[in-house]
Structure formats: C-alpha cells, structure tokens
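Undergrad: Chains as they are written, first to last, in the numbering used here: chain U, 1 to 312; chain Z, 1001 to 1453. Got a structure for you, written out below as structure tokens; questions coming shortly.
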Amino acid sequence: MTAIDSTMAVDLRGVTKRFGSQTAVEALDLRIPAGSIQGIIGPNGSGKTTTLRMILRIYQPDAGSVRVLGEAEGVAADDRVGYLPEERGLYHRMKVRDVLRYFAQLKGHRRPDNDIDHWLQRLDATQWAHKKIEQLSKGMAQKIQFIAAVVARPKLAILDEPFSGLDPINMQLLSEAVLELKQQGTTILLSTHDMDVAERMCDRIFMIYRGRKVLDGTLSEIQTQYGEAVLRVKMNGSGLPSLSHLHSVESVHDVGAYSEIRLRTPEGRAEVLRALVQHGDVEHFETAKPRLNDIFVRIAKPTADTTPAIPA
Amino acid sequence: MNKILVIAKREYLAMVATRTFLFTLIMMPILMFGGLFLIPALTKLSGGKERTIRVVDGTGRIGAVLTAASEQYNATLRKQKEGPSESDAARKTSPMASGDFYNIVVAEESELEDAARIQWSDEIRNGDLYAFVEIPPALFAVEGTPPTVRFVSQDAALSDARQWIESIVSSMVREERFKSLGIDSAQVQLANMPVRLAPTAPYERSAATDGVEGAVQAKEKAFDLAALFAPFGMMMLMFMVIFLAAQPMLESAMEEKSQRIAEVLLGAVSPTQLMAGKLLGNVAASLLVFSLYGVGAYCVLVQQGMQALVPMSLLPWFFIFQILGVLFFSSIFMAIGASVRELKEAQSLLLPVWMVMMLPMMVWFVAIRDPLGPVALSLALFPPSAPMMNILRLGTGTTIPLWQPIAAAVLLAVATLGVIWLAGRVYRASLLRNDSVKSLIQLWKRAIASQAT
C-alpha cells in the first residue's frame, strides 16, 4: 500500500474512469502540493473535465484512488473545495448577492455577507451586487463566478478557465486575486488553454492528453526536458537559408522577429550554426527554452497518432 | 439537512417570486373557469342599450300588456345595475339576460302593409329600430292553431326579447282559451303542478347526547349544477396546483443543465441532496398555490352561500394527494428537464405525460355521475390519475368506501417513491451530459442503465 502524503492537497493514484466502452482517463497519477498553483492543460476532450469532476467527487473513479485535502472517502462534495466552471454556472435570473450567498451557503458558509462584500470590493464589482446575472457583461459575470468559487474560503480552488472573457485590466485584477489566495494558503488547480497564463502563474504544470498524463513538473523542469533542442535565430539583412537538408533539424518556424529551429538532438547546434554562417551574417543565435505553447502543440498536434511519452 | 433546506428555499423563491408565477397564477383560473363568468360579465358589460320594439297589435289588447311588462322589466333592470346586493335576486326574476332596456311602442296600425314592412325593416338595418312585432287580429280565436306572430329583428333567432314577448303572448292566449272553455286557469295550474323528487343524501344519525340517541337526519342535496361543478372545481384546483408546481421543475433542471450550474451544485451537494431540496421547495410552493386558490375559492363559495358543497373533511385528502401528486409529476418533469437541452426537445417527452395527467379530465363527467363505477375506481387507483380522480370522487359527497382512497394513496406513494428513485437516476446520469434524450423509452433505458457516476 502506498504511503499517504499529507503535504498533498490532491493525490490521484492510478485513476481510471470509463464511460461505457470509452476510457476518459487512464491510470492517471497527479499530486498537487498544498498551497501551490497547479496548472492543468490539455486539448479539448483529453480528460481534463473528467479529472476535475473526480477531484470534485462528482464522478467516482472506476479504478485507483482520489484523495482530496487528506480525505479519500465521501460521495458528497467537500465544503473545502471551491469550483469555477468554464463559462456560465450562474442562475441568470438571480441577483448577484443572492447567487453568491446561495453558493456560499451550499458550501457551508452560514454568514457569508462580509466575505461577499470583501470580494465584490476586491474585484471592483460592488455596484453590481443588486443586479441580475443576466444584466452583467461576460467579464463581470466571470468575476462573479470567481467570487462564487472562493467566497466560502476553500482550501482548494478549482478554476476552469478563470480568465476567459476578461480584458487585460480585469485579467490582472483576477490574477492578483488568485495569487492572493495562494498566499493565504489556498491550493489552486488552474485549468487553462492559455499557455502564457500557465507559464506565468503556475508552480507546476500537468498536461493530460487522450486520458493519460504526458507532462508533469515545474515549468523549468518541463522546458529542460524539451528545451535544449530549440534554437532562436535571426539573420542580418538576409532571410533564413533552407535547412531541410540538415539531418539534425526537425522543423523551422517563423515566429515574427525570429525563427525557431527545432532540433532532433541538442548536438545539432554546431551543424546549424555552420550552415547559417556560410549563408550570411548571423545577428542572433541562442539556445532557447521552448515556450509551453510549443511543447503543447508538439505533443498534441493533430498528426500525432500515438500518445507521446514524457522525454527522459 | 441544512443544505437541502438552502436548496429548497432557493427553489421556492425561484418559483414564487417571479412575474411568470404571478401571471400564471392569475391566468390559470381565468383560462379554466373564465368562460363560466366571462360570458355573463361581458353580456352585462355590453348590456344597457335602449332598444325600441314597435308592436303592431291587431288584437288591440296585447300592446298595453307588453308596455306595462317592459316598464316593470326596465325598473327591475335599473335596480339590478344600481344595487349589486340585489343583483342575484334580480337576475333570477329578470326575463332577459342581455341587460338591455326595452321600449315598447304600440303602432297606430292594426295591420301592416308590405311597404311599411320594408320601411321598418330598413329602419332595423339602419339601427333606428331594434325590432317590430306583428300580432294578427285573429290571435285570440279559440279554435284551430293560433296564427303566427312575427318578431322581426336582425338577431331574431337569438333575441331574448323574442322569447320574452313569446311567453307573455302565449300566456295571454292560453288564458283566453281557458276562459272561453269555462275552465279556471288556477285549477289547471294546480293540476299541472309537477311532483318534485328531492335529491337527498343517505340518512344519517346525529351524535348521541346524554345517552339519548341522535336524531335521524336527511340532508337535501344542493342545487344540481353546483353539485356537479363543485367536485369538478376541486379536481381542477388539484390539476392547477400540480401543474404550477411541476412545470417550473422542468425549466429549473434545464437551466441548471444548459448553464452548467449543475456542475457547481454537484460540486457542493450530492445529487440526492440536490433533488431532495428541489422537491421540498417545490412542494412548499405548491402548498402556497393551494392556499391562494383554496382560500380564494372558499371565500367565493361562502359569499355565494355554497360552502356546504366543499366539506372540510376533504381537506386532509386534498393535502395527501396534492403532496404525492406534486412529488410524482415534479420528479418526472425534473428528469425530463435534465435530459434535454431545449424546451422543444422536452415537448415530445412531455406529451405522453400530459395525456396521462389529463385523463381524469376526459372522463370526469362519467366519473361524477357514477363515482363508484369501474371507470372512476380504476382511475382513482391508477397512480398518475389518482390525485385528481380521488378528489373528484370524494368531492361528489357520495360515500366512498374508506379503503379506496387509502389504497389509492398507498399505491400513489409507492409509485411516487419509484418515480423519484428512477428520476433521480436519470437526473444524475443526464445532468452533466451534453446530449438530449429523444423519447420516453430512451429515458427509461437511461434510468435503468444509469450507473453511479
């Protein structure tokens, strides 16, 4: 029997969930340290929502164990877990304050008015407290949805695309609120398709693809796994020469000011540099850390017909 | 339990604190019973016109009688319009329901020429004259069939005035004939008096006091039409209460599914808690509907002096069948709501449910005439029709064997538990799915096959 790690807010071990003949999640392991921000990424239909629902106890796994905030048992959802679904999730005809009070009470918070006031003020939404949800803009509704998820002071907040529909100012406001929650000791599980957000905010990133784990670690660890084989190059006065004849080059992408050259092995750097120097004046040449977006695409690009393994 | 109450409170407020609820609350009885009151009200509203009827009296005797009768009628009508307290008595004695005033003008002519007929008809068409009556001189001839009296107007066939004048003229002719035959009309009237068979409920003995046996009492049944419509009204009240409670459950479940609120809710409570809270709020709202309609209807009956039509002993039965009926149908509506994405998808699933729900209304007349008969009994025991049919039967005042409503309530309770259980499975399995169920068979399969999520 595996030992229980009490420092983990979420501990999934060998979790499998099937719907009929379809396997949504298979033998999944995920450990989220308490007090951290864990990013969960993956293409649509990869099993993210199923995983989140198992953590929320909405679904029971067919195999494996799900331990949330130290509790392994219980069909009923834990009051210490807050949840923000991707878009919607609010009663349109209810008023903002009423809907927040309702969700807080469902999470066992008997007198939530002070917390509601705090969060409305914190997210600059006080003037909307007596409006109906249907009267709110998408961004404002998203902020209210966020408050609904955190107003009952959860120990674990599961946020599915929390920044969807927000302008840069509100995005900044909400980002700060998420970080503030973290500072207060709340564990955040952040599901997102925005790789910049994942890079910027998450302590650890977990990627699920076709129901299996394909990435798990800190951004730095993941970049190290994929990083040394990427070059960022700029030529002075001339375009990039064709490098397709070089065996070490896997692909070349124009990313604007630079070109990114993905290598099959890190050892190919010298070969590429020689080819560039022979062609013209090399203005910029660096071994770059790959962006999360590139790693995501590389793993989940439509042509991939097999589940990739985590690089050694 | 606290969370169930929180959900129940929201469900209750979401149902009753809306304009739609208020609107439906008002519109429902208007749509169902409006016809009974609307037609007299509209008639009264459109009444009050001064209408002139010109009478060509060939006999020279009827014109004066009609004039006097019209004056008396107009005076009665005027009183009726001024004093609402006298309205009922006035309405009963009033010969015409249209509420118009009639001015009888006896023409100088004793017989009418065709040219005058055309001229007066034109006046009728132009609206200057309401009608004219041609009474032939030979009307009082005692032999043979009386000659035809003509009543000419635009609405001659339907006119109240025609019937009123007809009754007066007939009565005068009859009187004249009796007289010529030497018969006392009062004696004839006495001889023709019908024998009344008083509708009476089975005898009962009143409670004994101080060891003295109670008296045997016969309770005469009230006005037949009221006796017919009182149980029907109670059945309709049950229908309205169930409908008003069940329909919002469909919309509520659909909203929670389509807006992904269900996901948030199920992250806070179990599906069983969610369903229990919703049903509890729903039952509370249905009790409010019953209170409003029930008290309102009772006040009307008291005002009409007809409260005896609704015995208080019916109240416990109404509550039992109402609560079970609301739970039964609300669960079904909730399961359907959770299984579809749009209202139009729900409609095909709702049709069979509606048909079963309406069954007692299709056979109410048969059931009310024979509350102990096979149709009434089988529908009383059939759970989906039990709430309405039992109230209809009990409302007739017929002594229903006690085992029958008890058996019906037990059967309905068992069926309700089954439906809640099945609906819970469908609700749980459907709420988080993006697809829609297309038929009740598919819904049934989902209920049977749904596994623990």
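Heads up, the beta-carbon is just placed ideally off N, CA and C, and yes, glycines get one too. Remember, it's a predicted structure, so these values are computed and weren't measured experimentally.
Please go through the region 277-307 of chain U and give each complete beta strand (DSSP E) segment of 3 or more residues, from N-terminal end onward.
TA: 281-287, all fully within the region 277-307 of chain U.
Undergrad: Which residues of chain U have a Cβ atom closer than 8 angstroms to the Cβ of Lys-1438 (chain Z), listed in chain order?
TA: What Lys-1438 (chain Z) touches in chain U: nothing, since even the nearest Cβ is about 18 angstroms away.
Undergrad: So, Pro-33 (chain U) versus Ala-72 (chain U), is the Cβ gap smaller than 9 angstroms?
TA: no
Undergrad: Please report how far the alpha carbon of Gly-256 (chain U) lies from the alpha carbon of Leu-174 (chain U), in whole angstroms.
TA: 30 angstroms
Undergrad: Label Leu-1422 (chain Z) either buried or exposed according to how many other C-beta atoms from any shown protein chain fall within 10 Å of its C-beta, with 16 as the threshold for buried.
TA: buried
Undergrad: Using a 10 Å radius around the Cβ and a threshold of 16 neighbouring Cβ atoms, would you call Thr-287 (chain U) buried or exposed?
TA: Classification for Thr-287 (chain U): exposed.
Undergrad: Is the beta carbon of Val-1142 (chain Z) closer than 9 angstroms to that of Val-1169 (chain Z)?
TA: It is not a contact, given that the beta carbons lie outside the stated cut-off.
Undergrad: Pick helix, strand or coil for Ala-1014 (chain Z), following the three-state DSSP scheme.
TA: Helix at Ala-1014 (chain Z).
Undergrad: Relative to the C-alpha of Ala-63 (chain U), which candidate in U:Lys-289, U:His-247, U:Leu-28, U:Phe-163 has its C-alpha closest?
TA: U:Leu-28
Undergrad: In the DSSP output, which residue or residues are listed as bridge partners for Gln-1217 (chain Z)?
TA: Z:Glu-1204
Undergrad: Quick one: is Met-1312 (chain Z) buried, meaning 16 or more other Cβ sit within 10 Å of its Cβ, or exposed?
TA: exposed
Undergrad: Taking Cβ positions only, does Ile-1007 (chain Z) come closer than 9 angstroms to chain U?
TA: yes
Undergrad: Do you know offhand how far Asp-1155 (chain Z)'s Cα is from Lys-1009 (chain Z)'s?
TA: 58 angstroms
Undergrad: Using a C-beta cutoff of 9 angstroms, does Val-75 (chain U) count as contacting chain Z?
TA: Interpretation of Val-75 (chain U) is limited by its pLDDT of 47, a score under 50 that renders its predicted location unreliable; no figure is taken from the coordinates.
Undergrad: Short check: CB of Ile-1391 (chain Z) to CB of Leu-1372 (chain Z), under 9 angstroms?
TA: no
Undergrad: Out of curiosity, what's the CA-to-CA distance linking Lys-1438 (chain Z) and Val-1419 (chain Z)?
TA: 19 angstroms
Undergrad: Would you report the Cα separation of Ser-1270 (chain Z) and Ile-58 (chain U), rounded to the nearest angstrom?
TA: C-alpha separation (whole angstroms): 8 angstroms.
Undergrad: Compute the Euclidean distance between the alpha carbons of Asp-1471 (chain Z) and Ala-1308 (chain Z), then round it to the nearest angstrom.
TA: Because chain Z is modelled from 1001 through 1453, residue 1471 (chain Z) falls outside the range shown and cannot be assessed.
Undergrad: Would you identify the three-state DSSP class for Gly-39 (chain U), choosing helix, strand or coil?
TA: strand
Undergrad: Report all residues from its chain with a CB closer than 8 angstroms to the CB of Ile-1125 (chain Z); omit the five preceding and five following residues, and keep chain order.
TA: Strictly speaking, residue 1125 (chain Z) in this sequence is Arg, with Ile absent from that position. So the qualifying residues of the chain are Gln-1154.
Undergrad: If Gly-268 (chain U) sits next to Val-249 (chain U), beta carbons under 8 angstroms apart, how far is it from one beta carbon to the other, in whole angstroms?
TA: 7 angstroms
Undergrad: Does DSSP put Ser-248 (chain U) in a helix, in a strand, or in coil?
TA: coil
Undergrad: Under 7 angstroms Cβ-Cβ, which residues of chain B neighbour Lys-143 (chain U)?
TA: No chain B appears in this structure, whose protein chains are U and Z.
Undergrad: How would you label Thr-1020 (chain Z), buried or exposed, when you count the other beta carbons within 10 angstroms and need 16 or more for buried?
TA: exposed
Undergrad: Within 10 angstroms of the Cβ of Ile-299 (chain U), are there 16 or more other Cβ atoms? Answer buried if so, exposed if not.
TA: buried
Undergrad: If the cut is a Cβ gap below 7 angstroms, which residues of chain U does Gln-1247 (chain Z) touch?
TA: None at all; the shortest Cβ gap to chain U is about 16 angstroms.
Undergrad: Are the beta-carbon atoms belonging to Leu-1443 (chain Z) and Ala-1335 (chain Z) less than 9 angstroms from one another?
TA: Result yes, Cβ atoms of Leu-1443 (chain Z) and Ala-1335 (chain Z) sit closer than 9 angstroms.
Undergrad: Please classify Ser-238 (chain U) as buried or exposed, where buried requires at least 16 other C-beta atoms within 10 Å of its C-beta.
TA: exposed
Undergrad: Quick one: does Gly-1424 (chain Z) have its CB under 9 angstroms from some CB of chain U?
TA: no
Undergrad: Measuring straight from C-alpha to C-alpha, what distance separates Ala-229 (chain U) and His-92 (chain U)?
TA: 50 angstroms
Undergrad: What residue range is occupied by the uninterrupted alpha helix (DSSP H) comprising Glu-1498 (chain Z)?
TA: What is shown of chain Z runs 1001 to 1453, which leaves residue 1498 (chain Z) out entirely.
Undergrad: Select from Z:Val-1264, Z:Leu-1394, Z:Gln-1187, Z:Tyr-1073 the residue whose C-alpha is nearest the C-alpha of Tyr-102 (chain U).
TA: Z:Val-1264
Undergrad: Starting from the N-terminal side, write out each stretch of the beta strand (DSSP E) that is 3 residues or longer and does not extend beyond the region 76-118 of chain U.
TA: 81-84
Undergrad: Within 9 angstroms (strictly less), CB to CB, does Leu-106 (chain U) reach chain Z?
TA: True, the Cβ-Cβ gap to chain Z drops below 9 angstroms.
Undergrad: If you measure from the beta carbon of Asp-344 (chain U) to each beta carbon in chain Z, is any gap under 9 angstroms?
TA: This structure does not reach residue 344 (chain U), given that chain U is present from 1 up to 312, and the question cannot be answered.
Undergrad: Any Cβ of chain U within less than 9 angstroms of the Cβ of Thr-1396 (chain Z)?
TA: no
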